[in-house]
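A.B. asks: Numbering (the working numbering), first residue to last: 149 to 217.
Quick look at the structure:
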């Protein structure tokens, strides 16, 4: 498995983790005042998604510039 495939697979799993933390956040808010760690738990997967998503966004442009076109 090459580097780009690994990044894409990690991005997919991070999106699942982010979705689950957001759902858990809403459930906890529905049950009352949630602790701070529950409120801020979606931030780590979100930032990791940002970096992996930006990497995948730049890939076609970087490949185009390496090809000389």
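For glycine and all other residues, C-beta sits at the position ideal for the given N, C-alpha and C.
State the DSSP-derived secondary structure class of residue 201, mapped to helix, strand or coil.
C.D. replies: helix
A.B. asks: How many whole angstroms separate the CB atoms of residue 187 and residue 172, which I take to be in contact at a CB cut-off of 8 Å?
C.D. replies: Not a contact, Cβ separation roughly 10 Å.
A.B. asks: Within 10 angstroms of its Cβ, does residue 213 collect 16 or more other Cβ (buried), or is it exposed?
C.D. replies: Exposed, because fewer than 16 other Cβ atoms sit within 10 Å of the Cβ of residue 213.
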